[in-house]
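Protein chains in written order, with the working numbering: chain A, -14 to 60; chain B, 1270 to 1891. By construction, the Cβ of each residue, glycine as well, lies at the ideal position given by its N, Cα and C atoms. In what follows, a structure is listed as structure tokens, so that the remarks can point back to it.
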Amino acid sequence: MKSAIIQLETLTCPSCSQKIEAALKALDGVDKESINISFTSSKVKLNFDEGKISLKDIEDAIRRMGYDIEKSKIK
Amino acid sequence: MKGKVKMQRYILKNKNKIALVNGILIIIGFFSKLIFKDINVHALFLIVASILGVAPIAIQAYQSLKVKVVSIDVLVTVAVIGAFLIRNFEESAVVTFLFLFGAYLEQRTLNKTRSAIKNLIEMAPDTALKLMENGEFEEVDVDEVDVGDILLVKTGSKIPVDGTVVSGEGSVNESSITGESIPVSKEKGSKVYAGTILDNGTLQIAADKVGEDTTFAKIIELVEEAQDSKSKAERFIDRFSRYYTPIVLIIAIIVWIITRDIEVAITILVLGCPGALVIGVPVSNVAGIGNGARYGILLKGSEVVGDFSRVDTIVFDKTGTLTVGMPSVVEKEFYGDNIEEAISYLASVERESDHPLAKAVLEDIGKVEFYPVGNTEVIKGEGIVAKVNNKKIAVGNLALMEREKVIISEKAKSDIARLEEKGNSLVLAAIDGELKILMGVRDQIRNGVKEDLKRLRKLGVKNLIMLSGDNQGIVDIVGKELGLTQAYGNMLPEDKSKFIKKLIDEGHIVAFVGDGVNDSPSLALAHIGIAMGGGTDVAIETSDVVLMNSDFRKLPHALGLAKAIVRNMKQNIFIAVGVVIVLLLSLIFSEWMNMSIGMLIHEGSILAVILNGMRLLNYKLK
């Protein structure tokens, strides 16, 4: 398990985080319990299994929902 | 697939431009109706405006439906399509414009509410001057700095990491960490913190903590978490809105089936949008907690804000919170003549001692002529007897004077009684058995504490209680002078937590003010633990409210702010719910309600709650 912090463009509606959360929960390899989306700081924090999914796949899923990614970090 | 996604992203990116073009088309459309009286041209413009305007909304709706969320976008898209079907192009165009323009204004204003924390984040520099292997300093990205690296910080620049000064000196503005703008001087061995500014001088520092481990990064993270944390009420609203939007959709469909009136059905869709309710509470939270962060007050989340705003009892953990913590000479009396000489003798003898009282006395006397001291005899618990210039000097308390059979006049006796009553420790000095000097030494009340306590009372705190390890006599005096409700001395840490337990059992909402070092049980036990932390990790982590830099003066602001945030949230809920009720009632009972007016009022209410929340950014305690 790796943990990632993804900085998004500024989120403006609380339902944005709902949408992103739903999209991330649908991904195989992402720890559903660990998903934490901060509306205020427009950040996504989550743990994922590197064997199953890459950070790039996760980022793409967010982009497909229409949100830009400013930068991301793996810890 | 790729192309489609790109197209969608392009449209979403240019949402604001679309809103602008959309608005212009609508205006041209209406003018063409007025001037050319041409209904067809008018309709054409509005149709184009509607299609253009609904595109980004429909894309967002599609995306959320894909992940099984019925968002506001879904409601609006269905409403616009409905209006289109009944050929009401005016409404479809105006609604898309209002929705897009509203979203634009919301984004602008929301960014403002987040500005407090954003300004704070920008205090952390992106680059650092790092000592390279060739012995020169080179500018590198701050991510490339590791623990142990030597960095150069020049005048006017920001310190990039937590570290220790290895050479140089200067003064640092630490307001980003402590909220205190008076510069702190730094020299070799001093600790410096990321995000603080070197006002003057040049420093070389060794990095101790980098990246997310710095105190500054931790504070930012705590503030962000606090702003995002949700109270019970908010979680309820969230859950509520998740079911609320689908329900609105179903109601609209039912109304349509029964009445066969699309106009009414789509108006319900627009009126039902829960925008202001969903955004109202978080906005107050974000702006309010942001305000606190700027003043060096960390409120950990909206739950804390709620509890804190209802506090009726504040317990202070020691005398030192309310007093300076350093004894000093507050009163002195002299007897007989040759006083200057007596002062010199007193200072000469006190110089031999490291007793706290002696330090206070020397501090008060300042620079005088010192004489050599001989035959020094320290009498434990009483004082010092010594020979200076062949005279017998006795410096100490009343017991020592009695032992030395010093004659004390009636006037001196009454002075002594008066000083003792005020809680002073006494320092007496006698030369050859004759009392010359009487000094009263005590720990003084901190500047402004009296006014601050008054402010707390005004904010509705009924009980101000001090629990101290000091003896009851001192505690009584401080308590009386400050007008505390209760003051108890000789308290051990476990006595304190028992006392707090008792207060809670009696039904009080209790805040405990401590330094987080040995009173963590009490901090945890109280409803609100307030740490007077000078930026220490323990204090920041164990408490609910942190006053950076141990600044007591921030306590009234913190409490006032918590109350203001709660008030603001209630106002926002009132606005949001009120607007929905008014809209629904006017749909039933009035003629003038339609989709466009509904959207206008709806967007207006969202802006109203955001603007109301923004007032918290400028909150100041009167």
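With a threshold of 8 Å between beta-carbons, can residue i be considered close to chain B, or not?
i	result
V(-11) of chain A	For the sequence presented, residue -11 of chain A should be read as Ala rather than Val. No, A(-11) of chain A does not count as interfacial toward chain B.
K56 of chain A	no
L(-7) of chain A	no
K17 of chain A	no
I think residue i touches residue j, with their Cβ atoms under 8 Å apart; what is that distance to the nearest whole Å?
i	j	result
L1568 of chain B	A1486 of chain B	19 Å between Cβ atoms; not a contact.
A1556 of chain B	L1886 of chain B	5 Å
N1442 of chain B	T1465 of chain B	6 Å
I1706 of chain B	A1611 of chain B	6 Å
V1550 of chain B	E1503 of chain B	5 Å
L1830 of chain B	N1560 of chain B	6 Å
A1655 of chain B	N1644 of chain B	6 Å
I5 of chain A	I22 of chain A	6 Å
R1593 of chain B	D1712 of chain B	Inspection of the sequence shows that residue 1593 of chain B is occupied by Val rather than by Arg. Sure, about 6 Å apart at Cβ, within 8 Å.
G1565 of chain B	M1817 of chain B	4 Å
F1366 of chain B	A1288 of chain B	6 Å
F1603 of chain B	R1620 of chain B	Their Cβ separation, rounded to whole angstroms, is 20 Å, which puts F1603 of chain B and R1620 of chain B out of contact at 8 Å.
With a threshold of 8 Å between beta-carbons, can residue i be considered close to chain A, or not?
i	result
I1328 of chain B	yes
A1372 of chain B	yes
L1761 of chain B	no
E1493 of chain B	yes
L1281 of chain B	yes
G1804 of chain B	Note that G1804 of chain B has pLDDT 47, beneath the 50 cutoff, so the model's placement of it is unreliable and the number below is only indicative. No, no contact with chain A.
N1380 of chain B	yes
E1375 of chain B	yes
V1598 of chain B	no
A1288 of chain B	no
R1508 of chain B	no
R1563 of chain B	no
D1633 of chain B	no
V1274 of chain B	yes
Q1496 of chain B	yes
R1383 of chain B	yes
I1278 of chain B	It is worth fixing the name first, because residue 1278 of chain B is Arg in this sequence and not Ile. True, the Cβ-Cβ gap to chain A drops below 8 Å.
M1392 of chain B	no
A1845 of chain B	no
Using a Cβ-based criterion (distance less than 7 Å to any ligand heavy atom), does residue i qualify as near the ligand ADP?
i	result
E1632 of chain B	Looking at this structure, you won't find the ligand ADP or any other ligand, since it has none at all.
### Query
When you check each C-beta in the stretch 21 to 51 of chain A against every C-beta of chain B, which residues fall closer than 8 Å?
S23, F24, T25, S26, K28, R48, R49, M50 and G51
### Query
Which whole runs of the beta strand (DSSP E) in the stretch 1513 to 1579 of chain B are 3 residues long or more, in chain order?
1566 to 1568
### Query
Do the stretch 1728 to 1745 of chain B and the stretch 1568 to 1586 of chain B meet, that is, are 3 or more Cβ pairs less than 8 Å apart?
yes
### Task
Determine which residues of the stretch 1330 to 1362 of chain B have a Cβ less than 7 Å from any Cβ of chain A, and write them out in chain order.
Q1332, S1333, V1336, K1337, V1338, S1340 and I1341
### Message
Using 8 Å as the cut-off, can you tell me whether the stretch 1817 to 1826 of chain B makes contact with the stretch 1788 to 1798 of chain B, which would need three or more C-beta pairs spanning the two stretches below that distance?
### Response
no
### Task
Spell out a yes or no on whether the stretch 1533 to 1553 of chain B and the stretch 1858 to 1871 of chain B are touching, meaning 3 or more CB-CB pairs, one atom from each, closer than 8 Å.
yes
### Query
At a cut of 8 Å, does the stretch 1344 to 1352 of chain B reach the stretch 1842 to 1853 of chain B through at least three beta carbon pairs?
no
### Message
Tell me which residues of the stretch 1543 to 1555 of chain B have at least one Cβ-Cβ distance to chain A shorter than 9 Å, keeping chain order.
### Response
Contact annotation: in the stretch 1543 to 1555 of chain B, residues whose CB is within less than 9 Å of a CB in chain A are G1544, V1547, I1548, P1551, N1554 and V1555.
### Task
Check each residue of the stretch 1810 to 1842 of chain B: if its Cβ is closer than 9 Å to any Cβ of chain A, include it; give the result in chain order.
none
### 3-residue-minimum beta strand (DSSP E) runs that sit fully inside the stretch 1687 to 1764 of chain B, ordered along the chain
1694 to 1700, 1703 to 1714, 1732 to 1736 and 1755 to 1757
### Query
In chain order, which beta strand (DSSP E) runs of at least 3 residues are fully inside the stretch 1367 to 1430 of chain B?
1396 to 1400, 1406 to 1410 and 1419 to 1422
#### Entry: Meets three-Cβ-pair contact criterion under 8 Å: the stretch 44 to 55 of chain A and the stretch 1323 to 1339 of chain B
Cβ pair count under 8 Å is three or more, so yes.
### Stretch pair the stretch 1313 to 1332 of chain B + the stretch 1283 to 1294 of chain B: three plus CB contacts closer than 8 Å
yes
### Cβ contact check for the stretch 1413 to 1425 of chain B and the stretch 22 to 31 of chain A: 3 or more pairs under 8 Å
no
### Query
Is the stretch 1827 to 1845 of chain B in contact with the stretch 1569 to 1581 of chain B, if contact means three or more CB pairs nearer than 8 Å?
yes
### Task
For the stretch 1615 to 1629 of chain B and the stretch 1693 to 1709 of chain B, state whether three or more C-beta atom pairs, one from each stretch, are separated by less than 8 Å.
yes
### Message
Measuring CB atoms only, is the stretch 1680 to 1696 of chain B touching the stretch 1741 to 1755 of chain B, in the sense that at least three cross pairs come out at less than 8 Å?
### Response
yes
### Task
Ignoring anything shorter than 4 residues or poking outside the stretch 1808 to 1859 of chain B, list the alpha helix (DSSP H) runs there in chain order.
As far as the stretch 1808 to 1859 of chain B is concerned, its whole alpha helix (DSSP H) runs of at least 4 residues are 1823 to 1858.
### Query
Is there contact here, the stretch 1744 to 1760 of chain B with the stretch 1856 to 1863 of chain B, by at least three beta-carbon pairs under 8 Å?
no
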